[in-house]
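**Student:** A single structure is presented below for examination.
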Amino acid sequence: MCGIVGYIGPKEKKEILLEGLQELEYRGYDSAGIAVIEGDKLHDYKAIGKLENLRNKTKAYESEGFGISIGHTRWATHGKPTELNAHPHLGAYSYVVHNGIIENYQEIKTELQDEGVKFLSQTDTETIVHLFEKYHNKSNEAFSAFEKTIKRLDGAYATLLITEASPDTIFFAKNGSPMLIGFDNDEVYFASSDTPVIGKATEVYYLEDGEYGYVQEGKVHLFDKNGSTSFTKQTLSADKILAQKDGYRFFMEKEIYEQSRVM
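In terms of my numbering, the sequence shown opens at residue 6 and continues consecutively.
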């Protein structure tokens with residue numbers, strides 16, 4: 006299973022992402038990557054193999070000041086384990102990470118290719134960022150473009166998208182694959198399970214299927230099929246082993262259930 010992390014706030018984002026991804030290693034992976042947007046500066050790093058390879062690539066990079074950031078560990082489904090197929094995927098000015106399987110990706114990919122879009126990877130995920138930018142280029146409205154994109158997707162997904170067009174915002178959506186939002190004062194975290202945010206966030210909200218939205222200025226704007234909706238935060242447990250099991254008795258039971266949801 007793939008793993009997702011995200012962070013929006015003033016702290017050093019590289020270490021938050023790398024530490025978060027390390028906490029998700031138990032899910033299995035063959036590549037990893039991070040992306041950060043700070044003002045008008047876009048940074049991304051990817052590596053094949055162990056997370057230590059990604060850490061070595063980012064040694065000289067420091068992310069200071071406010072910014073938005075996402076990270077991902079990938080277990081190959083569409084496309085071989087290569088750096089081009091590793092997440093985050095970059096469009097012209099946006100990055101996306103995704104856990105799950107987009108069942109209608111080939112239809113969307115063909116549509117975009119017919120319009121002149123060049124794909125660099127073999128993944129279903131790359132269609133998300135190009136579809137978003139297609140809609141954004143027409144409307145110049147980032148959330149509207151993201152909402153239209155999500156409504157085109159069939160299948161299972163937990164996805165985070167960041168864009169230079171809205172450099173203070175993380176867009177998110179969840180359907181069939183797990184994802185939570187963590188809170189600590191004005192800082193907001195995203196993760197596939199509790200473990201990356203234990204010790205960082207004090208409260209969490211576990212996204213429901215069909216929910217999507219964006220975080221801006223520390224505030225979560227949440228939507229479902231009926232429009233804007235409210236949510237209730239929960240106190241975060243500090244038990245990492247229990248969190249890794251996500252309520253299941255054994256890790257194998259959890260893995261079998263999660264695999265069945267995204268097949």
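We put the beta carbon where it would ideally sit given N, CA and C, even for glycine.
Below 6 angstroms CB to CB, which residues in the same chain sit around G76 once its five sequence neighbours on both sides are set aside?
**Tutor:** As a first step, residue 76 is located in the sequence shown; it is residue number 71 there, counting from the start. V10, L22, L26, I39.
**Student:** Taking just the CA atoms, how far does H141 sit from A147?
**Tutor:** Residue numbering aside, residue 147 sits at position 142 when the sequence shown is read from its first letter. Residue numbering aside, residue 141 sits at position 136 when the sequence shown is read from its first letter. Rounded to the nearest angstrom, the two C-alpha atoms are 6 angstroms apart.
**Student:** Assign P93 to one of two classes, buried (16 or more other C-beta atoms within 10 Å of its C-beta) or exposed (fewer than that).
**Tutor:** The residue labelled residue 93 in the question sits at position 88 within the sequence shown. Its Cβ being crowded by 16 or more others within 10 Å, P93 is buried.
**Student:** Starting from the Cα of T200, find the closest Cα among G121, I53, T87, M184 and give me that residue.
**Tutor:** Residue 200 sits at position 195 when you count from the first residue of the sequence shown. Comparing Cα positions, the closest option is M184.
**Student:** Only counting the same chain, and skipping five residues up and downstream in sequence, which positions put a Cβ closer than 6 angstroms to that of D159?
**Tutor:** Translated into positions along the sequence shown, residue 159 becomes position 154. For D159, where only same-chain residues beyond five positions count, the Cβ hits under 6 angstroms are E108, N109.
**Student:** K238 by DSSP, collapsed to three states: which one?
**Tutor:** Residue mapping note: residue 238 aligns to position 233 of the sequence shown, counting from 1. Reduced to three states, the DSSP call for K238 is coil.
**Student:** Are T207 and F195 touching if we call contact CB-CB under 8 angstroms?
**Tutor:** As a working note, residue 207 is residue 202 in the sequence shown. As a working note, residue 195 is residue 190 in the sequence shown. Result no, Cβ atoms of T207 and F195 do not sit closer than 8 angstroms.
**Student:** At which residues does the beta strand (DSSP E) containing G25 begin and terminate?
**Tutor:** Indexing the sequence shown from 1 puts residue 25 at position 20. Unbroken run through G25 is the alpha helix (DSSP H), 18-28; no beta strand (DSSP E).
**Student:** Going straight from the alpha carbon of E69 to that of T63, what length do you get?
**Tutor:** Here residue 69 corresponds to residue number 64 of the sequence shown, with the count starting at 1. Here residue 63 corresponds to residue number 58 of the sequence shown, with the count starting at 1. So the two alpha carbons sit approximately 14 angstroms from each other.
**Student:** Would you list the one or two residues that DSSP bridges to E69?
**Tutor:** Here residue 69 corresponds to residue number 64 of the sequence shown, with the count starting at 1. BP columns for E69 are empty, so no partner.
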